[in-house]
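In this note's numbering, the protein residues as written are 1371 to 1606. Comments concern the structure below.
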């Protein structure tokens, strides 16, 4: 991973303006005419990602993770969509070992004008097996999870929990379970939203790193439960 670069590790107003105009002109002809503006926006995105990777390497195993591994394409996959706009209305990247396809719980950053930017991480669309592991942890050892997500610093930075919630209790758990609110969750994804003013600050990349550091214990817990915990041998 490169740690020295001439790329500017910040977003500027022209990048957000380009994204605003793209929403109103989401077609290939306009995009190709304005390709230099997109290239400038992408260069800023690369600079921010590079800064984030360099800083997060101090506390995340990101060896051999490159900027291009982390960035999502702006082109939409419209093969199975009724909405045929060819381009996304946001810039985005994910930080994890190997980048956006790490296969583990990682950190997702979404840049979209109109005060719609955010940093998010957590349990999103888990497999049935992983959801079962999460619920078992809530049932057997909820204190570790609650000590993380109910800590003052965590709640101050990530006040918003997103994701699907069941209306009834999950199978195998009583409706009066003391942790029924956590057990009902099919997803538990936390967000910190950024205003356009936040995104344009020179230290925005460092702010992303600060948020990732705060939510890291939650990501670590999920990664342990879903991928790293060893199954106990069955004894007869």
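For every residue, glycine included, the Cβ atom is placed at its ideal position computed from N, Cα and C. Values in this document were obtained by computation on a predicted structure and should not be read as measured data.
query                                                                                                                   : result
Spatial neighbours of residue 1478 in its chain, beta-carbon cut-off 6 Å, leaving aside the 5 residues before and after : 1464, 1490
Which of helix, strand or coil DSSP assigns to residue 1534                                                             : coil
Given 8 Å, three or more beta-carbon pairs between the segment 1494 to 1502 and the segment 1570 to 1578                : no
Close beta carbons around residue 1512, own chain, < 6 Å, minus the five adjacent residues each side                    : 1549
Proximal residues to residue 1610 (C-beta, below 8 Å), its chain only, five neighbours per side dropped                 : The shown model of the chain, from 1371 to 1606, leaves out residue 1610, and the question about it has no answer.
Close beta carbons around residue 1591, own chain, < 7 Å, minus the five adjacent residues each side                    : 1514, 1515, 1518
First and last residue of the uninterrupted beta strand (DSSP E) at residue 1480                                        : 1477 to 1481
Inter-residue CB distance, residue 1595 and residue 1504 (contact presumed, cutoff 8 Å)                                 : 6 Å
Residue 1527 beta carbon less than 9 Å from that of residue 1468                                                        : no
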